[in-house]
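Add 62 to a position in the sequence shown, counting from 1, and you land on the number used in this note's numbering.
The C-beta atom is built at its ideal place from N, Cα and C for all residues, glycine as well.
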Amino acid sequence: VWMLMRIDGQLRVNKTDDIITKYLLITNGHDAMHTVEVAPTSVRVVCQNTLELALEEARRTKNIFRLRHSANIKERLTEAKEALGLVNKQFEDFNNIVNVLAKTKVDTKMAEKFFKGLGFDTEENENDQAVVDSIVHLFEAGKGNTMKGVKGTLWALVNGVTEYVDHQRGTRKTKAFGSIEEARLNSAWFGQGRELKNEALEQAVELMRA
63 VWMLMRIDGQ LRVNKTDDII TKYLLITNGH DAMHTVEVAP TSVRVVCQNT
113 LELALEEARR TKNIFRLRHS ANIKERLTEA KEALGLVNKQ FEDFNNIVNV
163 LAKTKVDTKM AEKFFKGLGF DTEENENDQA VVDSIVHLFE AGKGNTMKGV
213 KGTLWALVNG VTEYVDHQRG TRKTKAFGSI EEARLNSAWF GQGRELKNEA
263 LEQAVELMRA
């Protein structure tokens with residue numbers, strides 16, 4: 063089962079109207095085998111896209127804080143407080159990184175490196191070319207990406223990938239998920255979609271620091 067909890071406060075990209083709200087995605091398996099998992103995530107209000115916090119600490123811990131099942135309530139509360147403290151620090155770091163991404167303009171060479179870093183082979187694979195074309199369109203004209211302070215930047219490129227994953231990426235219904243929307247949400251939060259969004263942010267950060 064999963065639950066989404068909103069954290070007080072918002073993030074603002076470089077004093078623009080691009081607002082990001084802070085959430086915790088909490089999952090648990092009722093089988094005495096899986097720990098409670100707390101993953102920091104956020105929603106870009108202008109587009110209702112979920113953005114993963116792929117920072118160094120998050121990558122090291124696979125972006126998830128795991129809380130052990132324990133009969134000791136004090137121990138559980140202590141772990142929860144520690145996790146919340148780390149999450150708030152991650153959001154602060156994430157906001158700082160986003161602000162720099164939104165100041166970094168994208169040129170053709172940078173875009174080519176970005177997509178290559180994500181594993182897309184546009185010369186040999188027509189499907190990869192179609193995906194890249196979709197993301198480039200969202201980079202240029204996606205929701206919120208045309209506003210001043212966002213347009214043409216690495217932040218807009220990350221948002222292009224995010225909007226593609228959350229709203230356009232091809233997904234099939236399965237036995238576990240009765241609708242395309244459910245399957246896409248599962249992918250965006252727990253599966254390949256989530257991985258692609260994390261990789262997009264990581265690639266953008268590497269290009270920003272190059």
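- Check whether the Cβ atoms of E114 and R256 sit closer than 8 Å, and answer yes or no. The residue you call residue 114 lines up with position 52 of the sequence shown. The residue you call residue 256 lines up with position 194 of the sequence shown. Closer than 8 Å, so yes.
- Task: Please confirm whether A218 and R234 have their CB atoms less than 8 Å apart.
- Result: Working through the sequence shown from its first residue, we reach residue 218 at position 156. Working through the sequence shown from its first residue, we reach residue 234 at position 172. Not a contact, by the Cβ cut-off of 8 Å.
- Query: For T89, which beta-bridge partners are listed by DSSP?
  - Reply: As a working mapping, residue 89 is identified with position 27 in the sequence shown. Partner(s): W64 and E99.
- CA-to-CA distance, L200 to F176, given in whole angstroms: The count along the sequence shown starts at 1 and reaches residue 176 at position 114. The count along the sequence shown starts at 1 and reaches residue 200 at position 138. Spanning the two alpha carbons is a distance of roughly 15 Å.
- Query: With 16 as the cutoff for other CB atoms within 10 Å, does E188 come out buried or exposed?
  - Reply: Position 126 of the sequence shown, counted from the start, is the residue given in the question as residue 188. Exposed.
- Just the C-alpha distance for G71 and T83, rounded to the nearest angstrom, thanks. As a first step, residue 71 must be located in the sequence shown, where it is residue number 9. As a first step, residue 83 must be located in the sequence shown, where it is residue number 21. The alpha-carbon atoms of G71 and T83 are separated by roughly 7 Å.
- Message: Is E202 a contact residue of the ligand PLP, with contact defined as CB to any heavy atom under 7 Å?
- Response: The ligand content of the structure shown is nil, which means the ligand PLP is not present either.
- Please report how far the alpha carbon of L180 lies from the alpha carbon of E99, in whole angstroms. The sequence position of residue 180 within the sequence shown is 118, counting from 1. The sequence position of residue 99 within the sequence shown is 37, counting from 1. Distance between the alpha carbons of L180 and E99: 27 Å.
- Shortest alpha-carbon distance to I81 belongs to which of V108, K237 and T215? Residue numbering aside, residue 81 sits at position 19 when the sequence shown is read from its first letter. For I81, the nearest C-alpha among the options comes from V108.
- Whole-angstrom C-beta distance between A164 and T215, which should lie under 8 Å: Here the question's residue 215 lines up with position 153 in the sequence shown. Here the question's residue 164 lines up with position 102 in the sequence shown. Yes, T215 and A164 are in contact; Cβ-Cβ is about 5 Å, under 8 Å.
- Message: If I follow the unbroken alpha helix (DSSP H) through T224, where does it start and stop?
- Response: Position 162 of the sequence shown, counted from the start, is the residue given in the question as residue 224. Where T224 is concerned, the enclosing alpha helix (DSSP H) stretches over L216 to E225.
- Task: Keeping to the same chain, check which residues put their C-beta closer than 6 Å to that of V149; ignore five residues upstream and five downstream.
- Result: Within the sequence shown, the letter at position 87 stands for residue 149. Same-chain partners within the cutoff: P102.
- Query: To which residues of the same chain is V220 closer than 7 Å at the C-beta, ignoring the five residues directly before and after it?
  - Reply: Indexing the sequence shown from 1 puts residue 220 at position 158. So the qualifying residues of the chain are L163, A262, L263 and A266.
- Message: By alpha-carbon positions, which one of L86, D79 and L258 ends up nearest to L66?
- Response: To locate residue 66, count along the sequence shown from 1; it is residue 4. Of the listed residues, the one whose Cα sits closest to L66 is L86.
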